[in-house]
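See below for the structure under consideration.
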Amino acid sequence: MVVICGDSHTTTYGALGALGFGIGTSEVEHVLATQTLVYRLAQDMRIQVDGLLPLGTTAKDLILMIISRIGAQGARGYVVEFCGTAISALSVEARFTLCNMAVEAGARGALIAPDATAIAYVLDRAKDITGPWREQALAAWAQLHSDAEAVFDIEHRFDAAEVVPYVTWGTSPDQAVPITGNVPDPSAQAEGVARQSAEQALRYTGLTAGAPLEGLAIQHVFIGSCTNARIEDLRAVAEIVRGRRVAPSVRAMVVPGSGRVKAQAQAQAEAEGIADLLLAAGFEWRQPGCSMCPALQAGFSLAERHRRMFLEGLDMIGASLSYRDQIEAFAAAHQMMPGLQKGRPCAHPPSRYSPCCVGSCSAQSLPPPGAPAAMRPSAPSPTS
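Right under this line is the structure:
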C-alpha cells in the first residue's frame, strides 16, 4: 500500500508496512485531480538494530541516537527499512515513532516489515476483514518483506544496548546528546556547515558550551504530536505523575495523538484514570492536533515530546526533543529544576532568554498561563 499526504510525517505508516510519504500542496492538487503522482525512484537504506533497549529508554531515544550519528541529512533521498531483533521487540506504537522521525534524517520514507505484532494491530482495528478477505490479506502481508539476498545502497548497524536517554540541545534533531551529557562545544568541530549550525543554535537557545543539561530550567512541558502521544506514552506519564504535582513555575500540557487516543484515555478513567491523573497533577488536557509543533511564543524554554524544531517556524527559545519519561512527565519539578523542591534559588542565573525557574528567586518569575503578552518576558529576535 502507498499512502501520500500533505504532511512529511506520513512516513509513520511505514510501521505497518505501508510506503507513506509527504507531498507538497501542488502535488496534493495533482493527486486529487488525476489519482496519479510523478515520483522519483528513491535509493534504499537499511538500518539494523539488534539487542534490547535498556530499561528506561524508548524508541524516541533510539531514533534520536540514530539521527545524531547519521545526521539530519544522513538519509536524504532514501527510503529507510528498519530491521533487527530490537525492532521486532518494539510495540507498534514504538515503531510509529521510529518511522515518524525517519524524515528528520531526511528520509523520503520508512518501512518495517509487517510481522505478527503489526498484523494483530491492524486486524484488531479492522473488524470487517473477515473470511476470504482475511485470508487474502494475510497472504499478501506475508510477502511484504525484503528478500534475504537484497542489496541496499547504504546499511547502518546499531546495538540497542548502547541507547541511553537522549535530549536535543539545539535547533536540529541531530544535535542530540545523552541527558547526562553537556552542551557540545562548536569549536571542537571541524570548520563547516555543522560547526556553523552549532554556533547558531547556541546563539539562539542562549545555552553555554560545556554546560550540563541536567538541571537546566524549563518553563513549559509538552507531551503530544504525531511522534509521542499514543496511549502507551500517556500510560507511562500517568504512572510517573501519580500522587505528584507539576512544579508551580511550569506549564505542562498533554495533547493526545488522535481522537481515538483521547477517547481511549478518557474511557479508561475507571480502570486506569489516565486523564484524571494528569489533570489532578496539573497538566492541561487539550484537543488532538499539531499544537506546539508549529509555533510557540518567544521567551520560554520548552521540553517536548514532539519531532522537530524549526529555527524560523518555532518562534521560541530553547525547544528540545526528549527523552526520558521522568522528564516528559514530571519535567522541571525534580530532575531539571532541583532547586525548586528544596526551597532555594536555582543553580543558574536568569538569562536574557528566560526568567528564573524558581519563584522564590529575586529574578522575574513566570507569569501564569494565559497572562497578557505584556506580562511575559521579552526576548531578542531569533537569528535566522
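For the sequence shown, counting from 1, position 373 maps to 373 in full-length UniProt numbering; every step adds exactly one. Beta carbons are placed, not taken as given, at the ideal position from N, Cα and C, and that holds for glycine. Owing to the predicted nature of the structure, the values given are computational and were not obtained by experimental measurement.
Please report the distance separating the alpha-carbon of Gly206 from that of Trp133. 58 Å
Ignore the nearest five residues each way along the sequence and tell me which others in Ala89's own chain have a CB closer than 7 Å to its CB. Leu52
How many angstroms separate the CA atom of Ile179 from the CA atom of Gly24? 35 Å
Could you give the residue range of the alpha helix (DSSP H) that holds Gly22? Here Gly22 belongs to no alpha helix (DSSP H); instead the beta strand (DSSP E) covers Leu19 to Gly22.
If you compare alpha carbons, which of Val49, Leu62 and Gln200 is closest to Thr85? Val49
For Glu29 and Val164, the rounded distance between their alpha carbons: 43 Å
Assumed close pair Ala238, Glu284 - CB separation to whole angstroms, cut-off 8 Å: That pair is no contact at about 15 Å.
Specify, as a first and last residue, the run of the beta strand (DSSP E) that residue 467 falls within. The requested residue 467 is not part of the displayed model; the chain covers only 1 to 384.
In chain order, what residues of the same chain lie with their CB nearer than 6 Å to the CB of Leu62, ignoring the 5 residues before and after it? Val163
Judging by CA-CA distance, which residue of Ala42, Glu27 and Gly170 is the nearest neighbour of Thr36? Glu27
Keeping to the same chain, check which residues put their C-beta closer than 6 Å to that of Asp183; ignore five residues upstream and five downstream. Note that residue 183 is Val in the sequence shown, not Asp. Trp169, Leu207, Ala209 and Ala211, listed in sequence order.
Are there three or more Cβ pairs, one per stretch, closer than 8 Å when the stretch 234–251 is compared with the stretch 96–114? no
Where His145 falls: helix, strand or coil (DSSP): coil
Whole angstroms are fine: how far does the CA of Gly22 sit from the CA of Gly6? 5 Å
Taking Arg260 as the reference, give the member of Ile66, Ala33, Leu234 and Ala148 with the closest Cα. Leu234
Assess, as a yes-or-no matter, whether the stretch 95–106 is touched by the stretch 59–75 under the definition of 3 or more beta carbon pairs within less than 8 Å. yes
Gly20, buried or exposed, once every other Cβ within 10 Å from all chains shown has been counted against 16: buried
May I ask you to list the residues that DSSP assigns as paired with Tyr78? Gln43
Using a 10 Å radius around the Cβ and a threshold of 16 neighbouring Cβ atoms, would you call Met337 buried or exposed? The predicted model places Met337 with a pLDDT of 35, which falls under 50 and marks its position as unreliable; any figure quoted below should be read in that light. Its Cβ being crowded by 16 or more others within 10 Å, Met337 is buried.
Can you grab the Cα-Cα spacing for the pair Gln175 / Met45, in whole Å? 22 Å
Could one say the Cβ of Ala59 lies closer than 8 Å to chain C's Cβ atoms, at least one of them? Among the chains in the structure shown there is no chain C, since it carries only a single protein chain.
Select from Arg242, Ala161 and Arg286 the residue whose C-alpha is nearest the C-alpha of Ile223. Arg286
So Ile87 is in the alpha helix (DSSP H); what residue range does that whole segment cover? Thr85 to Ser88
For Gly109, write down the residues that DSSP places opposite it in a beta bridge. Val79
Per DSSP, which one or two residues make a beta bridge with Pro178? Tyr166
Since Gly289 and Val255 should fall inside the 8 Å C-beta cutoff, what is the C-beta to C-beta distance between them, to a whole number of angstroms? 6 Å
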